[in-house]
Amino acid sequence: MTQMVHVEPAQEQSGGQRQRPPSGTSPARRVVRTGFIVTAVAIVAVTFTYPLLWLISASLKPRYQIFDNVLVPREVQPENYSGLLDTVPFLTWFGNSMVVGVMAALTVTLSSAMVAFGFAYFRFPGRNVLFLLVLGTMMLPAAVTMIPTFLIWQEFGLSQTQVPLWAHNVFASAFYVFLMRQFFLSLPRDTFEAARVDGCGYFGLFWRIAMPLCRPALIVVFIFEFRASWTDLIRPLIYLQDEALYTLPRGLKAVLDAFGQGGEQRWEIVMAASVLATIPLIILFFCAQRYFVEGIATQGRKG
Amino acid sequence: MSAADVRVPLAAPPMTRRRRWQAAWRRPETRWAYLFLLPWILGFLVFTAGPMLASLVLSFTDYDVINPATYVGGENYQRMVEDPEVRTALFNTVLYTVIHVPLSIAIALALAVLLNQIGGRFAGFFRTVFYLPAMTPTVAVGVLFLLLLNGQNGLVNALLRLFGINGPAWTTDPDWVRWGIIIMSLWTIGGTIVILFAALKNVPNDLYEAARIDGAGAWRQFREVTVPMISGSLFFVTIVNTIASLQMFTEVYTMFYGNAQSELQASDSALFYVIYLFQQGFQFLEMGYASALAWGLFAIVLIVTLVQVKLGDRFVYYEGDDR
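Chains as they are written, first to last, in the numbering used here: chain A, 1 to 303; chain B, 1001 to 1323.
So, in structure tokens, the structure goes:
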């Protein structure tokens, strides 16, 4: 009897409190269940993190210990890093990647914001057709235009410079236009109308009202493009022959070919180079994590 | 009389579509709009439409950059159909796409569902951990997996040895290279996890409550509530991942191309379509042939995407409101 009385309200209570979908019956069972799930996820999480830790660890090991698969190096050898900097112009590559990355990100953010504002604020003939065209180019494989684009840059005499790595970004990028348009559309139109009444011009609407309000979106676009530029290998392969102009991915590939596979077998240098190429992105990610997660989640929601 | 003259045009066809269209063009607002769109329009003409036309023209020529292009008709396309390397590259690329896309989405979905069950701070922490590999520069991913997949002393085989399995030479045995690449590709599914996790969080809880009251178990709730409610996001990641997979280049090129020895080892089992296109265009300077290959890729991507969109229309559930 007493048992029955107890069970009823307990069930009711847990049913009312429960915000998540699990189908466990008692709180105790739910704790066990959650504990089980957390453990399972934690194991997967270790598998995801381990390769990165392995890489850092390997970059600090003497050459003959790299493959011992021990996570904490038995002998720490930070000289691998100075060895790398002594053998290749790694810092130059690093600087090149920074310059190219910032140029690519800055230009694409400004131009895409401008175009996105055009689509979001104005009503004009041809808008829907043009926007469909924007969406269409998102599906276009970059490889299709790769060769003529190279010929264009060659025509301009810029095919052996870093310019082709970022200059197309001056002309906005479909994906970011799409992303920013969503943000602009979410702004209350009254804000703009009020500014219009106060005598604000169209460019003022964009620059002084829409842009400041969309700072999170601008940051998302900037960091996305910076990352894309930082990891791009195919363009540097096409355009850069001079080692002094290499960006990091191209440099890292050169290091791999020279000291890793098929080369001198100085893997410790390859490891150090990989770590140094990765760290800036990891730092960027931790500084701007919120924006990364928001930006990626937005993509999916609007699919 | 004159009053009637004035009235006629106003009253008769008040504003035909054509007139409204013309009037709209004269509005200053329209001019401003196109001013804002100018960067994209220019870019579209110079870096998209122009190059596409140019590559179509080039694909009917023989062009090596140094000598002027000569018209060869459909020769490049004929060569493409007969080229055994194209067949290999296409096979590898399609096999990779067909395995990678469903597998990565299934794993990402499973992890996202678990994250959603955990909820709260823990879920946020694990999401960060899962996303971290996606922040690794692609070339570094290639370098890293070259070592992790090493047949003798790589970490993957060390792990397999714990279970008493003698792992294959993932990076050198032509029969296993493709599978090694797929293992590698599963390490960077963080973006997909984040998208699906965000979608799951948006599923209203009362739907689950209602399903439970109707007696639906965990699996049925997943099949009949979760999957339809996140079908938009599932559709999105399927399309995006497919397009990306068909264009796989950087990791594989890093691991197996660009130096004689590794190219020899991997033989043809790591030849992906874009890698072959790149080789033809920029290493052998067969710009005409490479352009034909590019149009081949364009056709494939277009057809695959259209088929997916068509199928997607049938499976994707869109809520009434605009979310």
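Glycine residues also receive a C-beta, built at the ideal position from the N, C-alpha and C atoms.
Is it the case that the Cβ atoms of A/A277 and A/L248 are separated by a distance below 8 Å?
Cβ atoms of A/A277 and A/L248: closer than 8 Å.
Quick check: the Cα distance between B/D1206 and A/V70, rounded to an integer number of angstroms?
The alpha-carbon atoms of B/D1206 and A/V70 are separated by roughly 49 Å.
Cβ-based burial, B/P1068 [other Cβ within 10 Å; buried from 16]:
B/P1068 is exposed by the Cβ-count criterion.
Spell out the partners DSSP gives B/Y1071 in its beta bridges.
Paired residue(s): B/T1061.
Quick check: the Cα distance between B/T1138 and B/G1120, rounded to an integer number of angstroms?
Cα-Cα distance, rounded: 31 Å.
4-residue-minimum alpha helix (DSSP H) runs that sit fully inside the stretch 1128-1170 of chain B, ordered along the chain:
Taking only runs of at least 4 residues, the alpha helix (DSSP H) segments lying wholly in the stretch 1128-1170 of chain B are 1138-1148, 1155-1162.
Please decide whether A/Y291 counts as near chain B, where near means a Cβ-Cβ distance under 8 Å.
It does not: the Cβ of A/Y291 has no partner Cβ on chain B nearer than 8 Å.
Taking DSSP as the reference, what is the three-state secondary structure of B/E1209?
Three-state DSSP puts B/E1209 in a helix.
What's the C-alpha gap between B/W1179 and B/Y1096?
The alpha-carbon atoms of B/W1179 and B/Y1096 are separated by roughly 9 Å.
Could you name the residues of the same chain whose beta carbon sits closer than 8 Å to that of A/H168, not counting the 5 residues immediately before and after it, in chain order?
These residues qualify, in order along the chain: T149.
Residue of B/V1177, B/L1132, B/F1249 minimising C-alpha distance to A/F292:
Ranking B/V1177, B/L1132, B/F1249 by Cα distance to A/F292 puts B/L1132 first.
Using a C-beta cutoff of 8 Å, does B/Q1308 count as contacting chain A?
For B/Q1308, the answer is no, since every Cβ of chain A falls outside 8 Å of its Cβ.
So is A/Y81 in contact with chain B if we call contact Cβ pairs under 8 Å?
Not closer than 8 Å to any Cβ of chain B, the Cβ of A/Y81 fails to qualify, so no.
Quick one: Cα of B/V1279 to Cα of A/L133, how far?
For the sequence presented, residue 1279 of chain B should be read as Gln rather than Val. One C-alpha to the other measures close to 30 Å.
Could you tell me the alpha carbon to alpha carbon distance between A/D190 and A/I219, rounded to whole angstroms?
Between the alpha carbons of A/D190 and A/I219 lies a distance of about 25 Å.
Grouping DSSP H, G and I as helix and E and B as strand, with all else coil, what is A/K61?
Here A/K61 sits in coil by DSSP.
Just to confirm my understanding: we take B/Q1247, look at its own chain, exclude 5 residues before and 5 after, and list those with CB closer than 7 Å. What are they?
In chain order, V1274 place their CB closer than 7 Å to the CB of B/Q1247, counting only its own chain and leaving out the 5 sequence neighbours on each side.
CB contact below 8 Å: B/W1219 versus chain A
No, B/W1219 lies away from the interface with chain A (no Cβ there is under 8 Å from its Cβ).
My guess is that B/L1159 and B/L1103 are in contact by the Cβ rule of under 8 Å, so how many angstroms apart are they, rounded?
That belief does not hold up - the Cβ atoms of B/L1159 and B/L1103 are roughly 18 Å apart, past 8 Å.
Does the Cβ-Cβ distance between A/V255 and A/I238 come in under 8 Å?
No, the Cβ-Cβ distance between A/V255 and A/I238 is not below 8 Å.
Rounding to the nearest angstrom, what Cα-Cα distance links A/P22 and A/R30 in this structure?
Below a pLDDT of 50, predicted positions are generally treated as unreliable, and A/P22, at 49, falls in that range; the measurement from the model is reported next regardless. When rounded, the distance between both Cα atoms is 8 Å.
By a C-beta neighbour count over all protein chains shown, 10 Å radius and 16 as the cutoff for buried, is A/L55 buried or exposed?
Burial of A/L55 is indicated by the presence of at least 16 other C-beta atoms within 10 angstroms of its C-beta.
Three-pair Cβ contact test at 8 Å for the stretch 1034-1051 of chain B versus the stretch 138-149 of chain A:
Contact between the stretch 1034-1051 of chain B and the stretch 138-149 of chain A is present, because at least three Cβ pairs lie under 8 Å.
State yes or no: is the C-beta of A/F206 within less than 8 Å of the C-beta of A/F117?
Contact flag set, yes.
Could you give the first and the last residue of the continuous alpha helix (DSSP H) run that contains B/Q1017?
Strictly speaking, residue 1017 of chain B in this sequence is Arg, with Gln absent from that position. 1017-1026 is the span of the alpha helix (DSSP H), which, as asked, contains B/R1017.
Under a three-way DSSP split, which group does A/R74 fall into?
It is coil, neither helix nor strand.
Straight-line CA distance for B/W1295 to B/N1092?
For B/W1295 and B/N1092, the distance between alpha carbons rounds to 18 Å.
Only counting the same chain, and skipping five residues up and downstream in sequence, which positions put a Cβ closer than 8 Å to that of A/Q241?
For A/Q241, where only same-chain residues beyond five positions count, the Cβ hits under 8 Å are Q160.
For a cutoff of 8 Å on Cβ pairs, would you count B/P1051 as touching chain A?
At a cut-off of 8 Å between beta-carbon atoms, B/P1051 makes contact with chain A.
Less than 8 Å between CB atoms is the rule here; does A/Y202 satisfy it with respect to chain B?
Chain B contact via Cβ: present.
Minimum Cβ-Cβ distance from B/G1258 to chain E less than 8 Å:
Any reference to chain E falls outside this structure, whose protein chains are A and B.
Between the stretch 225-237 of chain A and chain B, which residues of the former have CB atoms less than 9 Å from a CB of the latter, in chain order?
Listed by position, the residues of the stretch 225-237 of chain A near chain B (Cβ gap below 9 Å) are R227, W230, T231, D232, L233, I234, L237.
Residues of the stretch 1113-1134 of chain B with Cβ closer than 8 Å to any Cβ of chain A, in chain order:
Those residues of the stretch 1113-1134 of chain B that come within reach of chain A (Cβ to Cβ, closer than 8 Å) are L1114, L1115, N1116, Q1117, I1118, G1119, F1122, F1126, R1127, T1128, V1129, F1130, Y1131, L1132, P1133.
Proximity below 8 Å, CB of B/F1130 to CB of B/L1148:
No, they are not a contact pair.
I need the straight-line Cα distance from A/P391 to B/A1024, nearest angstrom please.
Because chain A spans 1 through 303 in this model, residue 391 of chain A falls outside it and cannot be assessed.
Alpha helix (DSSP H) containing B/T1188: first to last residue?
Premise fails: B/T1188 is in no alpha helix (DSSP H) and is neither H nor E.
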